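In the working numbering, the protein residues as written are 776 to 1129.
Here's the structure we're looking at; comments come further down.
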Ligand SMILES: [Zn+2]
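And the structure:
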């Protein structure tokens, strides 16, 4: 057995044992847990089969519903993010505190997640990236990978982009995806040109690109829709304009400022909470954020937050389809934070030079 699979098996056994011994129930009521905040992170909630393509990014709606039910069963106190952070600092968190965040602002947030959020009356924060909200076409990177998954088993003939005809099987789909993205990068294509490229790709794979667009898989919410969300009580916060950060301070700053200006057109509430795109952060980022008046920033490193945690490097549990209910409950009680968990591997994919 692979080492990580063995570790996971051992961890699941430990979680079962903790449940049998009521360690989790004890922790849920403990002062130790009361001093801690669990921040949850979600991405897409599938409109169709997106979770079958990428179960780490997309979750079927029934799984999200079950997570919300578990929060209710465990009597978790779901707080607005800003309030949760303030009360953590003041030492006045209620027991079993949880904050819920969604990244990016996919259209499916509006149609799939919001009805559940309303039903459970949970406050949520939406970290909105604004370029594709303005330019309301499918987000290139995700739509491109999805198209080649959708056409798996077929042969892609696209000499100008990928060279020789290539079979889109499990062995080389990732490499082809990378080759298309490298082509886009080196050609310095605009949003509109990238959209045309997706249409070209879909046509070559026999996929109806317009149908995909009509259903708005991989679209973000428009500014008008984001306004509706804000009016419905969703806390809209910062996630950079182009879902990019940079080692270049001015470029980094511009991404925050443009994102903030776009959000200011959506909601009158000031946007001062930030989420690192792709969870990627460099040591200089917290200071740059502080200079822009940002008061908190979340990563994708799993963990519970305490008063001692740097506000600009708050850990989050990225919930996903592969996480079992036991693991999820273990995170709500806190017992899972004691067990070894796979560290979030930061990818430099979100980093762009100025
Ligand atoms: Zn994101």
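From the three backbone atoms N, C-alpha and C, an ideal C-beta is built for every residue, glycine too.
As the structure is a computational prediction, the values presented were derived from the model and not from experiment.
Residue i CB to nearest heavy atom of ligand 1 below 7 Å
i, result
"residue 1095", "no"
"residue 879", "yes"
"residue 1124", "no"
"residue 1018", "yes"
"residue 1052", "yes"
"residue 1014", "yes"
"residue 904", "yes"
Delimiting residues of the alpha helix (DSSP H) encompassing residue i
i, result
"residue 1094", "Note, residue 1094: premise wrong, no alpha helix (DSSP H); not H, not E."
"residue 1040", "Residue 1040 -> no alpha helix (DSSP H), and no H or E assigned at all."
"residue 838", "836-848"
"residue 909", "906-909"
"residue 888", "Run containing residue 888: none; DSSP gives neither H nor E here."
Terminal residues of the beta strand (DSSP E) in which residue i lies
i, result
"residue 1111", "From DSSP, residue 1111 is part of no beta strand (DSSP E); its letter is neither H nor E."
"residue 900", "899-903"
DSSP-derived helix/strand/coil call for residue i
i, result
"residue 878", "strand"
"residue 931", "strand"
"residue 1081", "coil"
"residue 817", "strand"
"residue 831", "coil"
"residue 873", "strand"
"residue 783", "helix"
"residue 1129", "Residue confidence for residue 1129 is low, a pLDDT of 41 falling below 50, so the modelled location carries little weight and cannot support an answer."
"residue 1020", "strand"
"residue 1118", "coil"
"residue 959", "helix"
"residue 1098", "coil"
"residue 791", "helix"
"residue 942", "strand"
"residue 1057", "coil"
"residue 1123", "helix"
"residue 980", "coil"
"residue 805", "coil"
"residue 823", "coil"
When the options are compared against residue i, the one with the closest alpha-carbon
i, options, result
"residue 949", "1097, 923, 1108 and 1114", "923"
"residue 840", "831, 894 and 807", "894"
"residue 850", "870, 947 and 779", "870"
"residue 991", "910, 1068, 858 and 876", "910"
"residue 908", "1044, 1094, 1037 and 1102", "1037"
"residue 989", "903, 912, 917 and 1031", "912"
"residue 953", "980, 981, 971 and 917", "917"
"residue 856", "1113, 1091, 1124 and 1123", "1091"
"residue 903", "987, 930 and 998", "998"
"residue 1063", "1024, 1035, 1006 and 789", "1024"
"residue 976", "880, 920 and 945", "920"
"residue 1097", "842, 792 and 813", "842"
Per DSSP, the bridge partner or partners of residue i
i, result
"residue 1049", "1013 and 1072"
"residue 1089", "1073"
"residue 853", "873"
"residue 995", "881"
"residue 812", "872 and 1080"
C-beta neighbour in chain D for residue i, strict 8 Å
i, result
"residue 852", "The structure shown contains no chain D, having only a single protein chain."
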